[in-house]
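A.B. asks: Structure incoming, see below.
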Amino acid sequence: MENIIEQIFEPQFRQISLRPVSGNNQIKGSGITYRPAPDVGEGYYWVQPIRDLCAVTIADLTFKKEVELNYEHPSFLAVGNYAPPLVPHFQGNTMASYSARCVRTENHLVGYINNASRFRAGISEGGTMRCVSVTMLPGYFRSFLPKCFSVDHQELVHSVEGLAGMITMPELEYLFAQICRVNPSAKYGGLYFESKVLELLSLIQIQQEQQKVFPDTSALDEDTIAMIHRLAAFLQNHCDQHLTLETLGKIFYTNKNKLSYLFRLVYGESIPDYIQKMRLEKAQKQLEHPGISIYEIAHSIGFKNQGSFSDWFRKETGFSPSEYRNKTNGWD
Numbered sequence: 004m005e006n007i008i009e010q011i012f013e014p015q016f017r018q019i020s021l022r023p024v025s026g027n028n029q030i031k032g033s034g035i036t037y038r039p040a041p042d043v044g045e046g047y048y049w050v051q052p053i054r055d056l057c058a059v060t061i062a063d064l065t066f067k068k069e070v071e072l073n074y075e076h077p078s079f080l081a082v083g084n085y086a087p088p089l090v091p092h093f094q095g096n097t098m099a100s101y102s103a104r105c106v107r108t109e110n111h112l113v114g115y116i117n118n119a120s121r122f123r124a125g126i127s128e129g130g131t132m133r134c135v136s137v138t139m140l141p142g143y144f145r146s147f148l149p150k151c152f153s154v155d156h157q158e159l160v161h162s163v164e165g166l167a168g169m170i171t172m173p174e175l176e177y178l179f180a181q182i183c184r185v186n187p188s189a190k191y192g193g194l195y196f197e198s199k200v201l202e203l204l205s206l207i208q209i210q211q212e213q214q215k216v217f218p219d220t221s222a223l224d225e226d227t228i229a230m231i232h233r234l235a236a237f238l239q240n241h242c243d244q245h246l247t248l249e250t251l252g253k254i255f256y257t258n259k260n261k262l263s264y265l266f267r268l269v270y271g272e273s274i275p276d277y278i279q280k281m282r283l284e285k286a287q288k289q290l291e292h293p294g295i296s297i298y299e300i301a302h303s304i305g306f307k308n309q310g311s312f313s314d315w316f317r318k319e320t321g322f323s324p325s326e327y328r329n330k331t332n333g334w335d
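For the record, in the sequence shown the residue sitting at position 332 is 335 according to our numbering, with numbers rising by one throughout.
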């Protein structure tokens, strides 16, 4: 019988002296927190198992001495947000890995697919292991998902392969950030984090569907693609401003119609839709912090009054800002 803790994580944890801890040494109210022996390193590796077939993980480890990983593992599929030092390890140890550079950080979104094999990697003294990821055994993505959600596992694998060469999906970066921030109780942790797994998989597959609607971007030169990614980063940082296509065209020295076409070609959505999405993500992120007033949040994303912001937010999410804040912080 498949068991993701026993088959994927315990073999590597034993080799780098990670042991489960309890009480105040845990980083979340649910899941299992592992910490290294004091002479080996510091930090943690947190695992939330789901149905014994899937796991959400967060790792933040620094090693005081060189460690070696060399262990057998079964077939699996994973998607994660990885700090740069880890990326080469996975690229060298998987049957196939697919990497997308993040816009907001130096990390990479990596999807990797592996058959049963042996993983080998070395981490030098002072080396780090930092990542947030979702790992699935075949029982989850080949059996459970198709049975419960009519998901074609081959399409899912193809969607993970579609991460190759992308410059991130902001929705995934935000989702992984949520996984790190939110701290549900042991009673509801499994439910919450499985919802994040399903959201992750749906976002990847939706992105793949959108890519099919528009022509292949491979015909675009690197400078053009880089310009569109700079535009996306600019929109993320200035989503509070009411930017017109004419203004953006002047900033990026490109005809507004061409700029709009190229953006949709690369990102699969229009510039106005992307701006709205960035505003919503920024508002949701700020609502998770009780110290920021709803009035301040409204102004931070370009609304002149709180009432208009509340109406817009409810239309987008189905909740008022206060309801969303209470729900996110477990106050309802």
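C-beta atoms are modelled at their ideal positions from N, C-alpha and C, and glycine is treated no differently.
Mapping the DSSP letters down to three states, classify M4 as helix, strand or coil.
C.D. replies: coil
A.B. asks: Pick helix, strand or coil for I53, following the three-state DSSP scheme.
C.D. replies: strand
A.B. asks: When the Cα atoms are used, what is the spatial distance from N117 to H241?
C.D. replies: 40 angstroms
A.B. asks: Are the stretch 42-57 and the stretch 190-204 in contact at 8 angstroms, needing three or more beta carbon pairs?
C.D. replies: yes
A.B. asks: When you compare the CB positions of A286 and F237, do they come within less than 8 angstroms of one another, or not?
C.D. replies: no
A.B. asks: By the 10 Å Cβ neighbour count, where 16 or more other Cβ atoms means buried, how is M4 classified, buried or exposed?
C.D. replies: Answer is exposed; the Cβ neighbour count stays below 16.
A.B. asks: Measuring CB to CB, does S323 end up less than 8 angstroms from S313?
C.D. replies: In this structure, S313 lies closer than 8 angstroms to S323 by Cβ.
A.B. asks: Since K190 and E128 should fall inside the 8 angstroms C-beta cutoff, what is the C-beta to C-beta distance between them, to a whole number of angstroms?
C.D. replies: That belief does not hold up - the Cβ atoms of K190 and E128 are roughly 41 angstroms apart, past 8 angstroms.
A.B. asks: Who are Y270's beta bridge partners in DSSP?
C.D. replies: None, per the DSSP bridge assignment.
A.B. asks: How far does the beta strand (DSSP E) with C134 in it extend, from its first residue to its last?
C.D. replies: T131 to M139
A.B. asks: Contact between the stretch 65-79 and the stretch 13-27 is defined here as three or more beta-carbon pairs at a separation below 8 angstroms; is this criterion met?
C.D. replies: yes
A.B. asks: Between E174, V113 and F147, which has its C-alpha nearest E164's C-alpha?
C.D. replies: Taking E164 as reference, the option from E174, V113 and F147 with the minimal CA-CA separation is V113.
A.B. asks: Would G125 be called buried (16 or more neighbouring beta carbons within 10 Å of its own) or exposed?
C.D. replies: exposed
A.B. asks: So T36 is in the beta strand (DSSP E); what residue range does that whole segment cover?
C.D. replies: I35 to P39
A.B. asks: Is V269 near I228, with beta carbons less than 8 angstroms apart?
C.D. replies: I228 is positioned such that its CB atom lies closer than 8 angstroms to that of V269.
A.B. asks: Can you give me the C-alpha to C-alpha distance between Y252 and M281, rounded to a whole angstrom?
C.D. replies: The sequence shown places Gly at residue 252, rather than the Tyr named in the question. Computed Cα separation, rounded: 19 angstroms.
A.B. asks: Grab the span of the beta strand (DSSP E) containing N73 for me, first residue to last.
C.D. replies: V70 to H76
A.B. asks: Mark A40 as exposed unless 16 or more other C-beta atoms lie within 10 angstroms of its C-beta, in which case mark it buried.
C.D. replies: Under this definition A40 is an exposed residue.
A.B. asks: What are the partner residues of D63, as DSSP defines its beta bridges?
C.D. replies: Paired residue(s): Y47 and R133.
A.B. asks: Looking at the unbroken beta strand (DSSP E) that takes in R123, where does it start and where does it end?
C.D. replies: S120 to I126
A.B. asks: Report the residue from T36, S273 and Q18 whose alpha carbon sits nearest the alpha carbon of V24.
C.D. replies: T36
A.B. asks: Beta-carbon within less than 7 angstroms of G44's beta-carbon, same chain only, minus the 5 sequence neighbours each way: which residues are those?
C.D. replies: L64, T65, F66 and K67
A.B. asks: By Cβ distance below 8 angstroms, which residues in the same chain neighbour L149 in space, the five residues on each side in sequence not counted?
C.D. replies: Correcting the residue identity first, residue 149 is Pro in this sequence and not Leu. Within the same chain, Cβ atoms closer than 8 angstroms to the Cβ of P149 are found at D155 and H156, the five residues on either side in sequence being excluded.
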